[in-house]
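Undergrad: Each residue of the sequence shown is one higher than the one before, starting from 47 at the first, in the working numbering.
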Amino acid sequence: MSIDVTKVKDDLYQAVNAKTLEEMVIPADKPSTGGFMVLAEAMEKLLRKDLDAMLEGEISCENAEEEEMLAFYKKSRNFAERDEAGAAPALPLLEQIRAVASLEDLASLTKEWINKGLPSLFHLGVMADMMQATKNALYLVPPQIILPDKAYYENEAGEQLLEIYRMMSHDVLGEAGIPEADIARLVEDTLSFDKSLAPLTRSAEEKADYTKMYNPRSIEEIRSYHPNFDLATLLQELVHPELKQVIVTEPEFFEHFAELITEEKLEEIKSWLIVRSLNFATPYLSERLRQKGSLFALQLMGIPELEDKEKHAFNLTRNTYDQVLGQYYAKKYFGEEARADVEDMVKSMIDVYKERLAENTWLSKETIEKAIVKLDAIDPLIGFPDSYPDHYKKLKVDSEKSLLETVLAFNQIVSAVQRDKWAKDVDRKEWHMSADTVNAYYSPTSNVICFPAAILQEPFYSLKQSRSANYGGIGAVIAHEISHAFDNNGAKVDAEGNLFNWWKEEDYENFSARAEEMVKLWDGIEIYGGKVNGRLTVSENIADAGGLTCALQALQREESYDLKDFFYNWARVWCQKGREEYLQLLLTVDVHSPNPLRANMPVRSIDEFYSTFDVKEGDRMFLKEEERITIW
Ligand SMILES: [Zn+2]
């Protein structure tokens, strides 16, 4: 790779990626390409080729789960049957909504809709209790509004998107045979009800402070939310008769539940359920309905073309059987050598973190010791899990059922299995990402880091590229995930994953002041015709900065290394070309900063970047010493 060093001084990201970006073409049915996405595209092609080979009998299924996956794939590919049925499989759902005559009926419909994973007045989740992280608790969550964030309700893009939603819904309802005379009212009701929900939901920025989502409420308090819609009994019926406490992620929404859900508004609510349920169903119905129902999502991300029906059937199968296909991938294509190598890197990265903590000058001994206890307790999950999650055994494809009925029946099984975990021990070994996912994560409640097999590929990791490049790629990703244990949210959680303040007061103040500097450094940076939200992205920016610093130090412990290679590969992994609408969507809702800035900003606080490329005052990458931030 020949890179012009003088250009690095002004823009590392462009110096490394300009040529690739110029040649790169975003696939017509995708919102972006580059780095992560190039790998994800290749993964999609590879797995699709193999699944098609299974269909042809060229590859045989290894177990019952793979066989069911294949049966589901066949069903989703039965395009003739789907086209012939048209909207018919969805019509009984609409009938059920129409039959609702009281709030009591609405409550029992809601129960069924939650079970089936259909758009509903609220949602449930069973996850680790943040205050007692070894046990699972029930979380009560507001509904998804039509626009991706309430911020869109206040801008022009949002107005245009609602117009698209209006058009799309007219079209879908018409195609489903709803009388023309009813359509306008159904759609206008939907938009009106959704607009009443939006101000009571939290923005992405508010949700990013996830410890504020922890609001335990007694079942009596839940009961008091509404006099005529018995939320408490409904939750007890859905989860367990002895349910006594619920974690309400956004209490301000449920405190207004009685004003939102009234007899007077019943028709409006029913319209909202009809329109949203039908739009939800379109990907599982005829090709015409699938196409008509995709307009809003395409517009939202600026995607010009809908993926073709064959690819869609594959992706539907992949989403439904993600862990099955993920393990298939990992067992066939992932090398044990890579797993061992990455395990070593994780150990080495944790050692470096300890060294850095031992040398820390702004924390007291007591806090440093506790931070080291937390570091030692981090468990890595690498490559792929040993077994499938329980629900796969229960998913049986019934040849008599339509694709939509099958998907709803599957949702019902998965949500029952999930809810059955309520009040039981958390399984720390459970994977929340499938092995074919090009990504990684840190779980704060279980203090676990996870690196699926699919991210252990070039440019992140390869036995063929230099070790320095690997440290700039997967090394920095590993250290990024470890850093999440000590970002603004992770800092509030102890080694066992409980929300618990383990800091000495002045240490926490020191840390918070540094996190606040990070917010200021990023806030308002102009990009893609908008601005970075420093508060939305602070946890990821802390993790990027800590991760890069730590990976660099780990590399410097090797016998030989090349810092240029390290920084170049760091910039290379962030290469991204995206559609304008999509990039703006990310700017509003994504906790990660835009990729060019993820490449460029953290290096500007690192001494070795200045010495390696001789960056001086006057160069665009130069940052005044007093503005540089090192937290970890
Ligand atoms: Zn992260």
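All residues carry an ideal CB built from backbone N, CA and C; glycine is no exception.
1. With a threshold of 16 other CB atoms inside 10 Å of the CB of GLU114, please say whether the residue is buried or exposed.
2. What did DSSP end up calling MET173 once you bin it into helix, strand or coil?
3. For the stretch 71-152, which segments carrying the alpha helix (DSSP H) assignment without a break, of at least 4 residues, lie completely within its bounds, in sequence order?
4. Could you check the C-alpha separation between HIS302 and PRO245 for me, to the nearest Å?
5. Would you say the beta carbon of TYR399 comes nearer than 8 Å to a heavy atom of ligand 1?
6. Under 8 Å by Cβ, that's how I've got TYR614 and GLY518 pegged, so tell me the actual separation to the nearest angstrom.
7. What three-state label does DSSP hand PRO431 in the structure shown?
8. Run through the stretch 441-488 for me and flag every whole alpha helix (DSSP H) of 4 or more residues, listed as ranges in chain order.
9. VAL463 and THR452: beta carbons closer than 9 Å?
10. Any chance the CB of GLU586 is under 8 Å from a heavy atom of ligand 1?
11. Is there at least one non-hydrogen atom of ligand 1 closer than 8 Å to the beta-carbon of TYR488?
12. Just tell me which of ILE349, THR52, PRO188 has its CA closest to the CA of GLY624.
13. Taking 8 Å as the limit between beta carbons, can you name the residues of its chain near ALA131, skipping five residues before and five after?
14. Skipping 5 residues on each side, what residues in its chain have a beta carbon closer than 8 Å to that of LYS355?
15. For ASN365 and ALA86, what's the separation of their Cα atoms in angstroms?
16. Please give me, in chain order, every unbroken run of the alpha helix (DSSP H) with length at least 4 that falls completely inside the stretch 392-429.
17. Alpha carbon to alpha carbon, how far is LEU140 from SER323?
18. Cα-Cα, which of PRO490, TRP408, TRP678 is closest to GLU555?
19. Count the other CB atoms within 10 Å of the CB of GLN503; is the residue buried (16 or more) or exposed (fewer)?
20. Let me check you understand the geometry: is the CB of ALA589 closer than 8 Å to at least one non-hydrogen atom of ligand 1?
21. Find the nearest neighbour of SER78 within the set TRP468, LEU629, TRP678, ALA645, judged by alpha-carbon distance.
22. Looking only at its own chain, which residues have a Cβ that is under 7 Å from the Cβ of PHE659, when we skip the five neighbours before and after it?
23. When you compare only the Cα positions, how much space is there between LEU203 and LEU632?
24. Measure the C-alpha to C-alpha separation of GLY570 and LEU281 and round it to an integer number of angstroms.
25. Using DSSP bridges, identify the partner residues of CYS496.
26. Classify HIS478 as buried or exposed, calling it buried when 16 or more other Cβ atoms lie within 10 Å of its own Cβ.
27. With DSSP collapsed to three states, give me the class of GLN291.
TA: Taking the geometry as given:
1. Position 68 of the sequence shown, counted from the start, is the residue given in the question as residue 114. Classification for GLU114: buried.
2. Within the sequence shown, the letter at position 127 stands for residue 173. Of the three classes helix, strand and coil, the one that applies to MET173 here is strand, per DSSP.
3. 81-101, 110-122, 125-131, 137-144
4. Locating residue 302 in the sequence shown gives position 256, where the first residue counts as 1. Locating residue 245 in the sequence shown gives position 199, where the first residue counts as 1. So the alpha carbons of these two residues sit roughly 11 Å apart.
5. Within the sequence shown, the letter at position 353 stands for residue 399. Every heavy atom of ligand 1 is 8 Å or more from the Cβ of TYR399, so no.
6. In the sequence shown, residue 614 corresponds to position 568, counting from 1. In the sequence shown, residue 518 corresponds to position 472, counting from 1. With 8 Å as the limit, TYR614 and GLY518 qualify as a contact, their Cβ atoms being about 7 Å apart.
7. Along the sequence shown, one-based indexing puts residue 431 at 385. Of the three classes helix, strand and coil, the one that applies to PRO431 here is coil, per DSSP.
8. 449-465
9. Start at 1 with the first residue of the sequence shown, and residue 463 comes out as number 417. Start at 1 with the first residue of the sequence shown, and residue 452 comes out as number 406. Cβ distance not < 9 Å, so VAL463 and THR452 don't count as in contact.
10. Within the sequence shown, numbered from 1, the residue matching residue 586 stands at position 540. For ligand 1, at least one heavy atom lies less than 8 Å from the Cβ of GLU586.
11. In the sequence shown, counting from the first residue as 1, residue 488 sits at position 442. Answer for TYR488: yes, Cβ within range of ligand 1.
12. The sequence position of residue 624 within the sequence shown is 578, counting from 1. When each option's Cα is compared against that of GLY624, the closest is ILE349.
13. Counting from one through the sequence shown, the residue named residue 131 turns up at place 85. Hits under 8 Å: LEU331, SER332, SER448.
14. For the purposes of this step, residue 355 is taken as residue 309 along the sequence shown, with counting starting at 1. Within the same chain, LYS355 has close Cβ partners PHE125, GLU333, ARG336.
15. Residue numbering aside, residue 365 sits at position 319 when the sequence shown is read from its first letter. Residue numbering aside, residue 86 sits at position 40 when the sequence shown is read from its first letter. If you take the alpha carbons of ASN365 and ALA86, they lie about 14 Å apart.
16. 411-423
17. Within the sequence shown, residue 140 is the residue found at index 94, counting from 1. Within the sequence shown, residue 323 is the residue found at index 277, counting from 1. Distance between the alpha carbons of LEU140 and SER323: 8 Å.
18. What you label residue 555 is simply residue 509 of the sequence shown in a count that begins at 1. Taking only the C-alpha atoms, the option nearest GLU555 is TRP408.
19. Residue mapping note: residue 503 aligns to position 457 of the sequence shown, counting from 1. Per the 10 Å Cβ criterion, buried.
20. Position 543 of the sequence shown holds residue 589. Within the cutoff, so yes.
21. Mapped onto the sequence shown, residue 78 falls at position 32. Of the listed residues, the one whose Cα sits closest to SER78 is LEU629.
22. On the sequence shown, position 613 is the one that residue 659 refers to. Counting only Cβ-Cβ distances below 7 Å, and skipping sequence neighbours, we find VAL51, VAL54, LYS55.
23. As a first step, residue 203 is located in the sequence shown; it is residue number 157 there, counting from the start. As a first step, residue 632 is located in the sequence shown; it is residue number 586 there, counting from the start. The sequence shown places Ala at residue 203, not Leu. Near 13 Å, if we compare the C-alpha coordinates of LEU632 and ALA203.
24. Translated into the one-based positions of the sequence shown, residue 570 becomes position 524. Translated into the one-based positions of the sequence shown, residue 281 becomes position 235. So the alpha carbons of these two residues sit roughly 43 Å apart.
25. Counting from 1 along the sequence shown, the entry for residue 496 is found at position 450. DSSP lists LEU427, TYR487 as partners of CYS496.
26. Counting from one through the sequence shown, the residue named residue 478 turns up at place 432. So HIS478 ends up on the exposed side.
27. In the sequence shown, residue 291 corresponds to position 245, counting from 1. DSSP places GLN291 in strand when its eight states are reduced to three.
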